[in-house]
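K.L.:
Quick one: the structure is below, questions incoming.
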Amino acid sequence: MEPECDRLILEGINKNYADMDEYPVTTELQNRCVNIIARLFNAPVGAGEKAVGVGTVGSSEAIMLAGLAFKRRWQHRRRAAGKPCDRPNIVTGANVQVCWEKFARYFEVELKEVKLREGRYVMDPDEAVAMVDENTICVAAILGSTLTGEFEDVKRLNDLLAARNRRTGWGTPIHVDAASGGFIAPFLYPELEWDFRLPLVKSINVSGHKYGLVYAGVGWVIWRSKEDLPEDLIFHINYLGADQPTFTLNFSKGSSQIIAQYYQFLRLGFEGYRNVMENCMESARILREGLERTGRFTIISKERAVPLVAFTPKGGEDASLAFRLSSELRRFGWIVPAYTMPADLEHMEVLRVVVREDFGRPLAERFLAHVRMALDELDDEARGGRVPRVRVTIELGPAARGSGEEASARVVKREPVVAVQRSVSLAGGKTKGVC
Ligand SMILES: *Cc1c(COP(=O)(O)O)cnc(C)c1O
44 MEPECDRLIL
54 EGINKNYADM
64 DEYPVTTELQ
74 NRCVNIIARL
84 FNAPVGAGEK
94 AVGVGTVGSS
104 EAIMLAGLAF
114 KRRWQHRRRA
124 AGKPCDRPNI
134 VTGANVQVCW
144 EKFARYFEVE
154 LKEVKLREGR
164 YVMDPDEAVA
174 MVDENTICVA
184 AILGSTLTGE
194 FEDVKRLNDL
204 LAARNRRTGW
214 GTPIHVDAAS
224 GGFIAPFLYP
234 ELEWDFRLPL
244 VKSINVSGHK
254 YGLVYAGVGW
264 VIWRSKEDLP
274 EDLIFHINYL
284 GADQPTFTLN
294 FSKGSSQIIA
304 QYYQFLRLGF
314 EGYRNVMENC
324 MESARILREG
334 LERTGRFTII
344 SKERAVPLVA
354 FTPKGGEDAS
364 LAFRLSSELR
374 RFGWIVPAYT
384 MPADLEHMEV
394 LRVVVREDFG
404 RPLAERFLAH
414 VRMALDELDD
424 EARGGRVPRV
434 RVTIELGPAA
444 RGSGEEASAR
454 VVKREPVVAV
464 QRSVSLAGGK
474 TKGVC
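Take the sequence shown: its position 113, counting from 1, is numbered 156 in our numbering, and each next residue is one higher.
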């Protein structure tokens with residue numbers, strides 16, 4: 044972030060967010076952020092009305108809270124109907140982020156995962172709805188799959204689930220995990236319906252520290268309305284002063300992240316965020332095209348998605364190329380994760396490059412040059428040994444200058460190259476060329 048924001052963060056570092064009476068400003072800023080994000084996600088809040096939501100440490104905590112709210116609401120409904128409520132489940136795609144598995148294990152909810160298949164790397168809404176039963180507390184859709192950045196089709200899920208709910212009377216709701224996509228879609232694809240415009244979407248989480256453009260340690264969960272957050276999960280505490288309603292897993296935490304998020308909202312505004320996201324998309328496009336030009340990879344990420352490129356070695360390539368390329372790129376200072384896809388695509392190896400705001404065209408081109416070099420080196424190795432690299436410094440003779448004659452050159456120095464430049468330096472200080 045900008046130096047001004049770094050200073051604000053430092054000034055806020057000694058303020059405990061839990062001391063709401065001592066630092067009422069932070070609570071106020073959190074509420075303002077909640078109101079801004081809820082409106083960005085088209086929550087049905089009238090002018091002057093307060094939105095329902097809370098700041099968290101990240102999307103993981105946000106998802107724990109949203110999941111608990113769904114579980115509790117479902118339990119209330121089941122008890123009221125005299126039915127058992129001891130076997131709750133969530134339906135998701137097998138591409139969920141690990142925090143959903145964490146939620147499931149910690150809070151004793153079964154995860155029912157829709158498997159992936161060749162060419163389909165996100166949850167299939169038809170299959171998801173078919174897996175819903177009377178114990179399903181929610182269907183979790185992902186706006187920006189962690190593995191490929193792809194947006195799941197929340198609108199189709201909403202429509203299919205609404206039809207199913209009409210038949211069953213279960214009223215199964217939807218949660219959208221918009222950890223990455225929540226700060227992409229509203230700026231780049233405002234017409235895409237994935238949020239509270241869809242009636243079954245009851246809660247949404249987003250990470251402030253991903254495309255919310257704040258340092259690590261802030262996330263958000265927003266509920267559609269008060270009815271979607273059971274009152275018995277909210278704690279009223281008064282031992283630090285006035286009555287404070289809270290719904291978080293932790294009590295004390297720093298204030299700086301909330302202050303920083305509010306700073307970014309004010310500093311950039313809607314247009315600023317849109318410009319940043321457009322720049323990220325442009326870098327992702329350069330990367331995608333450059334990787335395609337090598338002829339060695341199939342791009343599996345989509346263009347209308349999170350600004351990242353996920354790619355897999357083309358069929359027929361040596362199976363472990365993704366992992367070898369990943370470790371080769373480390374020599375150039377790039378950490379590009381290679382991983383296998385979840386069930387039923389475990390045989391598929393993927394590399395993924397996520398574009399951050401400060402990753403512009405020069406870095407993208409440098410990265411592509413390094414990928415080509417790394418591929419060459421791996422090919423040399425496959426052919427039976429690396430060709431040693433030598434750096435030669437030459438001096439051009441005077442005849443070369445403008446005479447059209449062959450340049451005469453003298454070798455000044457010849458040195459073996461053992462290591463390539465390892466560090467990739469990013470721009471410091473002001474990075475917001477967009478304002
Ligand atoms: C990153 C991510 C999370 C976890 O978010 P944190 O903010 O790191 O806790 C959850 N879901 C998805 C889809 C993510 O990309």
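From the three backbone atoms N, C-alpha and C, an ideal C-beta is built for every residue, glycine too.
1. From the DSSP output, in three-state form, read off Ile180 for me.
2. Taking one C-beta from the region 342-354 and one from the region 99-108 each time, how about it: are there three or more such pairs within less than 8 angstroms?
3. Is any non-hydrogen atom of ligand 1 found closer than 7 angstroms to the C-beta of Lys253, if you look at the structure I gave you?
4. Have a look at the DSSP bridge pairing and note the partners of Glu153.
5. Does ligand 1 have a heavy atom nearer than 7 angstroms to the CB of Ile185?
6. Do Gly96 and Trp263 come within 8 angstroms of each other at the CB atom, strictly closer than that value?
7. Have a look at the DSSP bridge pairing and note the partners of Gly98.
8. CB of Gln140 to nearest heavy atom of ligand 1: below 7 angstroms?
9. Write down the C-beta distance between Gln300 and Val244 rounded to the nearest angstrom, noting that I regard them as a contact closer than 8 angstroms.
10. Nearer than 7 angstroms: is that true of the beta carbon of Ser102 relative to any heavy atom of ligand 1?
11. Going by DSSP in three states, Val460 sits in which element: helix, strand or coil?
12. How is Asp196 classed by DSSP in three states: helix, strand or coil?
13. Quick one: measure Cβ to Cβ for Ala348 and Glu193, integer angstroms, because I've assumed they're closer than 8 angstroms.
14. Under the rule that 16 or more other beta-carbon atoms within 10 Å means buried, what is Tyr164, buried or exposed?
15. Spell out a yes or no on whether the region 123-139 and the region 156-163 are touching, meaning 3 or more CB-CB pairs, one atom from each, closer than 8 angstroms.
16. As a quick exercise: from Gly440, Lys269, Pro431, pick the residue whose alpha carbon is nearest that of Pro459.
17. Only counting the same chain, and skipping five residues up and downstream in sequence, which positions put a Cβ closer than 6 angstroms to that of Gly476?
18. Helix, strand or coil for Asn281? Go by DSSP, reduced to three states.
19. Could you tell me the distance, in whole angstroms, from the CA atom of Trp377 to the CA atom of Met174?
20. Is it the case that the CB of Thr211 approaches a heavy atom of ligand 1 more closely than 7 angstroms?
21. Would you give the residue range spanned by the beta strand (DSSP E) that Phe354 belongs to?
22. Count the other C-beta atoms from every protein chain shown that fall within 10 angstroms of the C-beta of Tyr22, then say buried if there are 16 or more, exposed otherwise.
23. Mind checking whether the beta-carbon of Gly297 lies closer than 7 angstroms to any heavy atom of ligand 1?
24. For Pro168, which option in Ile180, Leu190, Arg199 has the closest C-alpha, if you only look at C-alpha atoms?
25. Between the alpha carbons of Glu54 and Arg209, how many angstroms are there, rounded?
26. Following the continuous beta strand (DSSP E) through Ser246, name the residue where it begins and the one where it ends.
27. On a Cα-Cα basis, can you pick out the residue from Gln118, Ile265, Pro127, Cys128 that is closest to Phe84?
28. Counting only runs of 4+ residues fully inside the region 367-442, write out the alpha helix (DSSP H) ranges in chain order.
29. Counting pairs of beta carbons, one from the region 202-221 and one from the region 360-373, are three or more of them closer than 8 angstroms?
P.N.:
Straight from the coordinates:
1. strand
2. no
3. yes
4. Asn132
5. yes
6. yes
7. Trp263
8. yes
9. Rounded, the Cβ-Cβ distance is 26 angstroms, inconsistent with contact.
10. yes
11. coil
12. coil
13. 5 angstroms
14. buried
15. yes
16. Pro431
17. With a pLDDT of only 46 at Gly476, under the threshold of 50, the placement of this residue in the model should not be trusted; the figure read from the coordinates follows. If we look at Gly476 and ignore the five residues flanking it on each side, it has no Cβ neighbours.
18. coil
19. 41 angstroms
20. no
21. 351-356
22. This structure cannot settle anything about residue 22, because the visible part of the chain is limited to 44 through 478.
23. no
24. Arg199
25. 53 angstroms
26. 244-250
27. Ile265
28. 404-425
29. no
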